[in-house]
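Worksheet: one structure, shown below.
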Amino acid sequence: MSVLIIAIAGGIGAILRALLDDAVTRHSRASWPVGIFAVNIIGSFILGAFTYFLSTLSTGATAGWSSELITHIALWAPALTTGLLGGFTTFSTAMLDAVKLARSGRKIASLGLLLGNYLSSLAACLLGVGLAYLVCG
6 MSVLIIAIAG
16 GIGAILRALL
26 DDAVTRHSRA
36 SWPVGIFAVN
46 IIGSFILGAF
56 TYFLSTLSTG
66 ATAGWSSELI
76 THIALWAPAL
86 TTGLLGGFTT
96 FSTAMLDAVK
106 LARSGRKIAS
116 LGLLLGNYLS
126 SLAACLLGVG
136 LAYLVCG
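In terms of the working numbering, the sequence shown opens at residue 6 and continues consecutively.
Quick look at the structure:
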């Protein structure tokens, strides 16, 4: 997989992140940065599901699929995982949001955002894996 393709996919992921963050933030009445929180949860869910799906490609769960299709999926996996989803999710922005909350005197909200981001994203990833398991076997 070309580094250029992964970089382009990362750029697309970052654009999607900005669009979703903006849309969620504009329509939310929350007093904390809910947009990036939502982005990280969605991205973690998709990454968990897709990663589990990728693990089934070599186990026979995709019996009946052409070897050419399986090869193409595996070939594009780095662009979708490292590139697109890596560009989409952003824990660095979540950490910056937590620092901003703490500096504005909202230390409990800051801690909640930190813990909430990590725990919710972990739970979303596990749910993605679980859903993929139910679908793929």
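By construction, the Cβ of each residue, glycine as well, lies at the ideal position given by its N, Cα and C atoms. Bear in mind the structure is a predicted one, so any value in this text is a computation, not a measurement.
Separation of Phe55 and Leu120 (C-alpha to C-alpha, rounded to the nearest whole angstrom) is 24 Å. For Trp81, the three-state secondary structure derived from DSSP is helix. Taking C-beta atoms under 8 Å as the contact rule, Leu118 and Leu106 qualify, at a distance of about 6 Å. By the neighbour-count criterion, in which a residue is buried when 16 or more other Cβ atoms sit within 10 angstroms of its Cβ, Ala129 is buried. Cβ atoms of Gly16 and Gly92 come within 8 Å of each other, at about 6 Å. About 7 Å separates the CB atoms of Thr95 and Val44; that is less than 8 Å, so the two are in contact. According to the DSSP assignment, Ala35 belongs to no alpha helix (DSSP H), since it is labelled neither H nor E.
The C-alpha of Ser60 is placed about 13 Å away from the C-alpha of Thr86. Pairing Trp37 with Ala84 gives a Cβ-Cβ distance that is not under 8 Å. Asp26 is a Cβ neighbour of Ile41, given a cutoff of 8 Å. For a cut-off of 8 Å, the C-beta gap from Ile78 to Leu62 is around 7 Å, short enough to register as a contact.
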